[in-house]
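Heads up: the structure comes next, in structure tokens.
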Amino acid sequence: MKLSTVWLDGLWDRNPGLIQLLGLCPLLAVSNTLENAIGLGLATLFVLVLSNASISLIRTLVDDAIRLPIFVLVIAALTTCAELLVQALDYQLYQSLGIFLPLIVTNCLILGRAEALAKRETIVMSTIDGLAQGLGFFLVLVSLGALREWMSGTLILAALPPGAFIALGLLVAIHQWIQGKLKQKPTEQSMDQTNRRVRTTGDIS
Amino acid sequence: MTVRLTLFGLITSLFVGLVYVMTKPVIIEAKEQARQEKLYLLAAPLLANGRIASPVQRELPDDAPASFEHPLSITPIVTDAEQLGVVLPITALQGYSGPIQLLLALDQQQRIVGVRAIEHRETPGLGDRIETRKSDWMLAFNGLRYDDLAPDDWAVQNDGGQFDSFTGATITPRAVVDALKETLAYLARHPVILEASP
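Laid out in structure tokens, this is it:
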């Protein structure tokens, strides 16, 4: 796998927020203000990079039978650390993120990356993938937060839960539209590629 | 395999423990600061004429309700001549996801100056409407004394009382109202607890 593909996948082609649509719960719930979005985006990025790195580090020691419990253990430990750190660094942010900070542990993006890539790639590759996917998630979360905070001044709906769905739908549509423009004259092969279902998890054992 | 799993469990726990120990003092300080800020906001009506005195520790008798901490730390609001009121922490133990920490400000007639949730784990969008930045629910207590309402009215509407019970999350407001009722009833019988210099 090429490094440029990893970056492009995370940030655009298979963006976790816009294409894979992973981690929707925090994405929709915490994007009501820009500050919350930045806080949760950074915390998720932190957990994702470290979980990818450490899972890649221990990948040779883990066999299939204990793979999932150990991945969950690592992710849970890192999430607890993230929670403690946010609490220590910015207590107000900790209070406004509330339950969504510990819920990073259930963000399928993180276990998804561990399964899809980190369990077989090198540390460098896994860390960069964590950075790329985490940044992709961060950028969508922050765009949503900014959009909703900016619009809620004139349109109260933007600050409410339905506003989150509508705004995310808008972003997905824009992404698709740009994607369509980029591939104006699709060849048979690239048509095939765009229609393929995105694979987000690894194998089942 | 089991050995390996146990080993991983130990290593990750050790890691979390390390971060916990490192962040603990900072977190305690941050919590205390957040509490102080809330205290200033809560006691603002009293602070127009008074100032915050240093906290007083109170040993409570055994029959005190569970909503009090032991020992109870009360923060008097005073002028040079007299006490204007007091701020004290109380805990609503029956929250939906664990205890709800509240801060309660009372004047000398035990009238509620203000009450705020300072720490809780209630469900976002449902139970968290006890927070004043989410809804005005908590403000309904302002200005009330225990005697102002019949004992049965100190309850959420679902239980026949006069405080709004949130749709879909009655447990949270019920916990708060019950804790307040219990606390105020007890303090009305034992007013001396709130006197900084009895």
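Residue numbers (the numbering used here), protein chains in the order written: chain B, 37 to 241; chain F, 135 to 332.
Quick reminder that beta carbons are idealized off the backbone N, C-alpha and C, glycines included.
How many Å lie between residue i and residue j at the Cα?
i: B/ARG95; j: B/ALA101; result: 13 Å
i: B/THR158; j: B/ILE91; result: 10 Å
i: B/GLY216; j: B/LEU167; result: 26 Å
i: F/ALA322; j: F/GLU316; result: 10 Å
i: B/THR69; j: F/GLN235; result: 25 Å
i: F/MET135; j: B/TYR130; result: 38 Å
i: B/PHE107; j: B/THR190; result: 44 Å
i: B/ALA113; j: F/LEU139; result: 14 Å
Between which residues of its own chain and residue i is the CB-CB distance below 7 Å, once the five residues before and five after are set aside?
i: B/MET227; result: The predicted position of B/MET227 is uncertain, since its pLDDT is 49 and thus under 50; no value can be drawn from it.
i: B/PHE136; result: PRO62, ALA65, VAL66 and LEU76
i: F/GLY248; result: LEU176, ALA239 and ASN276
i: B/VAL110; result: SER87, SER90 and ILE91
When the distance is taken between beta carbons, is residue j closer than 8 Å to residue i?
i: B/GLY46; j: B/VAL176; result: no
i: B/ALA203; j: B/LEU180; result: yes
i: F/TRP288; j: F/VAL311; result: yes
i: F/MET272; j: F/ARG255; result: no
i: B/GLY170; j: B/THR80; result: yes
i: B/VAL83; j: B/THR41; result: no
i: B/ASN51; j: B/SER162; result: no
i: F/GLN243; j: F/ARG192; result: no
i: F/PRO307; j: F/ASP298; result: yes
i: F/LEU173; j: F/LEU237; result: yes
Considering residue i, what are the terminal residues of the beta strand (DSSP E) in which it resides?
i: F/GLN235; result: 234 to 241
i: F/ILE211; result: 206 to 212
i: B/LEU137; result: From DSSP, B/LEU137 is part of no beta strand (DSSP E); its letter is neither H nor E.
i: F/LEU222; result: 217 to 226
Hey, out of the options, whose CA is closest to residue i's CA?
i: F/ILE162; options: B/VAL178, B/GLN123 and B/LEU114; result: B/GLN123
i: F/PHE275; options: F/GLN191, F/ALA239 and F/THR257; result: F/ALA239
i: F/LYS158; options: B/CYS117, B/VAL108 and B/MET37; result: B/CYS117
i: F/MET156; options: B/LEU121, B/TYR127 and B/TRP213; result: B/LEU121
i: B/ILE140; options: B/TRP43, B/HIS211 and B/PHE173; result: B/PHE173
Between which two residues does the alpha helix (DSSP H) carrying residue i extend?
i: F/ALA251; result: No alpha helix (DSSP H) contains F/ALA251, which is instead part of the beta strand (DSSP E) from 246 to 253.
i: B/ILE192; result: Note, B/ILE192: premise wrong, no alpha helix (DSSP H); not H, not E.
i: B/GLY75; result: 70 to 93
i: B/GLN128; result: 127 to 133
Tell me whether residue i, by its Cβ, gets closer than 7 Å to a heavy atom of the ligand ADP.
i: F/GLN291; result: By its list of ligands, the structure shown contains no ligand whatsoever, and the ligand ADP lies outside what it can speak to.
Looking only at its own chain, which residues have a Cβ that is under 6 Å from the Cβ of residue i, when we skip the five neighbours before and after it?
i: B/ALA59; result: Checking the sequence shown, residue 59 of chain B turns out to be Gly, not Ala. Cβ within range, chain order: ASN143 and LEU145.
Once you ignore the five residues that flank residue i on each side, which residues in its own chain have a CB closer than 8 Å to its CB?
i: F/ALA330; result: ALA187, VAL190, ILE208, PRO210, VAL212, GLN217 and VAL220
i: F/SER269; result: ARG263
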